[in-house]
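Structure first, then comments.
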Amino acid sequence: MSFPASASVLPDVRRALAVFAHPDDVDFGCAGTIAGWVDEGIEVAYLIVTRGDSGGFDDTPRAELPARREAEQRAAAAAVGVHRVDFLDGHPDGILSPSPELRRDIAAGIRRFRPDRVLTSSPLRRWEHLTGPSHPDHLAVGEATTCAVYPDARNRFAFPELIDAGLEPWVVREIWYAGGPAPDHAVDVTDRVDRKIAAMRTHRSQTAHLDVAAWVHDLLGMIAGDAGLPAGRLAEAFTVLRTE
């Protein structure tokens, strides 16, 4: 797969909010890019929909897994310079849907943080790659976040209880989708890949079985090649949508 690596992006972003289904999703897909945003002075926050209690590759008791995965995500965020990580409640891992309740809660997070840019998982399935990016929870959160950006977060009459809570409407200017079938923008993360690897390694419940460095270099090298970057570079890929 090849794609253009030159989709235009907003030049004056002050805040960016990453919305993902599970602890670790943002780090597998986007941690190198986020490290770069932090370096540029962009204030980044995470909004994680579940605590990932249906995942895991070790023998951690299920009752202990949510707290462990929350702690792993906070440590991973710190590894790339992100210090605000919020978790939603009431949305069970493994069976997410783009419900009105999830849309409302994401819209509330948007109105609270007031980002210029939102980063989330693609709502579009990749038929050539059914696992990972096409996890149904990822698709659900991508769709719910899209609806939260437009129309919910900017519409005063959507979820009027948000106004009652003091959360005024907010217009997100741009969405970045990770893991979708038609990326149009690549970010060279070669100089920040060590921070991405460090972030991924904090998710011990998910990555202890994995050679993280090899996985990252293989995948990001392939993405960079598809994007037409020089040999030896590493990249993360996105689909960028202006929403103004």
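Whatever position you read off the sequence shown (first residue = 1), add 1 for the working numbering.
Positions of the beta carbon are idealized from the N, C-alpha and C atoms, including for glycine.
Check: If Val142 sits next to Val20, beta carbons under 8 Å apart, how far is it from one beta carbon to the other, in whole angstroms?
Finding: 6 Å
Next item on the list: Give the straight-line distance between the Cα atoms of Gly37 and Arg193, rounded to the nearest whole angstrom.
Entry: 7 Å
Item checked: Bounding residues of the alpha helix (DSSP H) (the contiguous stretch that carries Glu162) -> 161-165
Note to self: Using 8 Å as the threshold, is the C-beta distance between Ile103 and Ala145 below it?
What the structure shows: The amino acid at residue 103 is misidentified as Ile; the sequence shows Leu. Yes, the pair counts as a contact, with Cβ atoms nearer than the cut-off.
Check: According to the Cβ coordinates, are Val190 and Leu221 closer than 8 Å?
Finding: yes
Next item on the list: Mind checking who Ala61 pairs with in its DSSP beta bridge?
Entry: Note on identity: in this sequence residue 61 is Thr, with Ala being the wrong assignment. BP columns for Thr61 are empty, so no partner.
Note to self: For Pro99 and Val10, I'd like the C-alpha separation in whole angstroms.
What the structure shows: 27 Å
Next item on the list: Please check the pair Val150 and Ile111, which I expect to be a contact at CB under 8 Å, by giving their CB distance rounded to whole angstroms.
Entry: 7 Å
Notebook entry, point to check: Thinking C-beta only, is His204 closer than 8 Å to Ala108?
Noted result: no
Item checked: Integer Cβ distance of Ile49 from Ala17, believed to fall under 8 Å -> Between Ala17 and Ile49 the Cβ distance is about 15 Å, and since that is not below 8 Å, they are no contact.
Note to self: What does the alpha-carbon distance come out to for the pair Leu211 and Glu41?
What the structure shows: 31 Å
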